[in-house]
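Presented below is the structure to which this report refers.
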Amino acid sequence: MVLLINLAFVQDKSDPPPECRLPDATKGSDHLRDVFGHMGLSDTDIVALSGGHTLGRCHKERSGFEGPWTPNPLVFDNSYFKELLSGEKEGLIQLPSDKTLLKDPVFRPLVEKYAEDEDAFFADYSEAHLKLSELGYADS
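Residue numbers (the UniProt record's numbering): 1 to 140.
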């Protein structure tokens with residue numbers, strides 16, 4: 001099952017979010033757990049939300065990194081996990097924070113599960129996204 005999302009109406013913001021609102025792409029699993037843990041999110045939530053990278057791309061001027069994570073960054077599917085497991089490929093990006101999902105003994109089985117079972121990814125992603133959207137995160 002592939003979920004198609006129309007992103008024609010989405011506009012990039014001119015400025016990135018304030019620091020500490022998003023994880024640092026150069027850091028590892030402890031950092032991911034620290035950032036997301038402060039929001040009450042679990043390891044399953046962290047990996048599922050990372051799968052959101054199946055959409056879109058990195059912009060060098062914002063993150064220092066450039067490129068999409070998947071061959072078709074306009075389709076929401078489990079290809080992020082498949083690409084992550086298959087290793088680096090020319091034209092696609094894998095951030096250090098993505099690669100740490102493979103090194104961590106709790107994260108990796110979830111990556112493998114989502115690569116094999118798209119419905120499981122969709123179910124866990126929707127729960128994690130709902131948790132994230134209901135946080136009521138206050139600006140600091």
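Each residue gets a CB set at the ideal place from its N, CA and C atoms; glycine is no exception. Since this is a predicted model, take the numbers as computed values, not measurements.
Here's the rule I'm using: 16 or more other beta-carbon atoms within 10 Å means buried, otherwise exposed. How should Asp12 be labelled?
In this predicted model, Asp12 has a pLDDT of only 48, less than 50, meaning its place in the structure is not dependable; the value taken from the coordinates is given anyway. Counting the other CB atoms within 10 Å of its CB gives Asp12 a total below 16, which places it among the exposed residues.
Just to confirm my understanding: we take Leu85, look at its own chain, exclude 5 residues before and 5 after, and list those with CB closer than 8 Å. What are they?
Leu102, Val111, Glu112, Ala115
For Gly67, name the three-state secondary structure that DSSP assigns.
strand
Should Thr100 and Ser42 be called a contact, given that it needs their Cβ atoms to be closer than 8 Å?
No, these two residues do not count as a Cβ contact at 8 Å.
Buried or exposed: which applies to Pro23, given that a residue is buried once 16 or more other Cβ atoms fall within 10 Å of its Cβ?
buried
Kindly indicate which three-state DSSP category Val106 falls into: helix, strand or coil?
coil
Quickly, what does DSSP pair Arg57 with across the bridge? List them, please.
Pro68
Proximity winner among Ser133, Glu134, Leu135, Ala128, relative to Gly51 (alpha-carbon distances):
Ala128
Assign Phe121 to buried or exposed, taking buried as 16 or more other Cβ atoms, counted over all protein chains shown, within 10 Å of its Cβ.
Around the Cβ of Phe121, a 10 Å sphere holds 16 or more other Cβ atoms; the residue is buried.
Would you say Thr54 and Phe76 are within 8 Å of each other, going by their C-beta atoms?
yes
Just to confirm, are Asp117 and Thr44 a CB contact at a threshold of 8 Å?
no
Along the chain, which unbroken stretches of the alpha helix (DSSP H) at least 4 residues long are found entirely within the region 72-102?
79-86
What residue does the alpha helix (DSSP H) around Gly37 start on, and which one ends it?
29-37
Local Cβ density within 10 Å of Pro68, reported as buried at 16 or more and exposed below that
It counts as buried.
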